[in-house]
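The numbering of the sequence shown is my numbering, which starts it at 3 and goes up by one.
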Amino acid sequence: MKYSEAHTLIKRLIEIFENANRDFLESDLDLLISKVSERTLCGALMLHINNIIKKSEFAEYKVDVEYNRNKNGKIKTIVKTIYGPKDVGVKINCDLIVHSRGNNINQDNLIAIEMKKSDRTKEEKEGDRIRLIALTKDSYDDVWSFDGKTFPEHVCRYALGVYYEVNYKKRSINIEYYKEGHIFDEKEVKF
């Protein structure tokens, strides 16, 4: 993919995510105020992302929470890993993803989202960030299944990674954007 095409894709995916997040905050603020689980928040955000994706040029893509399948229905197990910075093994399962479920070989994976509450441990938060770095790498280099010999199918090359941290005390959400294996932008959104 050429730089201009990749840049346009990233801008469009950020626009889709931010519109969905705005809709989520407007219609599901009560979930944030009630301090429900991360899984419930991900499910609600998933619905808003899906609504926007289905009306976009990415209508054939799917939005899944904690998706655990590889292409052809093979189960991704908890021991299946990718290698992030410093060769740290990282569990593949992501909180929320937008992908083609293996149907678009050119760009199977669009968005990977990791959500955390600010009171979670530093280690948990860092693990999510490392996962996003690994999932947004451009190539399959250094990406192995647990046996260290077999390449997994379509577990990297996410065009955009989003780290989403809910801070109830500040009534804010810290959003970090990742691409090509690194963070490139961040912002804070009040609720």
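A virtual CB, placed ideally from N, CA and C, is assigned to each residue, including glycine.
The residue from C44, D25 and L11 with its alpha-carbon nearest to that of N111 is L11.
When C-alpha distances from K192 are compared across Y180, Y179, E182 and K171, the shortest belongs to K171. L31 and A136 have their alpha carbons spaced roughly 31 Å apart.
The beta-carbon distance between L43 and L33, rounded to whole angstroms, is 6 Å. This is short enough to meet the 8 Å contact definition. Contact between N21 and L47 fails: their C-beta atoms lie close to 12 Å from each other, not under 8 Å.
The beta carbons of A61 and I54 sit about 10 Å from each other, so the pair does not count as a contact at 8 Å.
The C-alpha of I18 is placed about 11 Å away from the C-alpha of D25.
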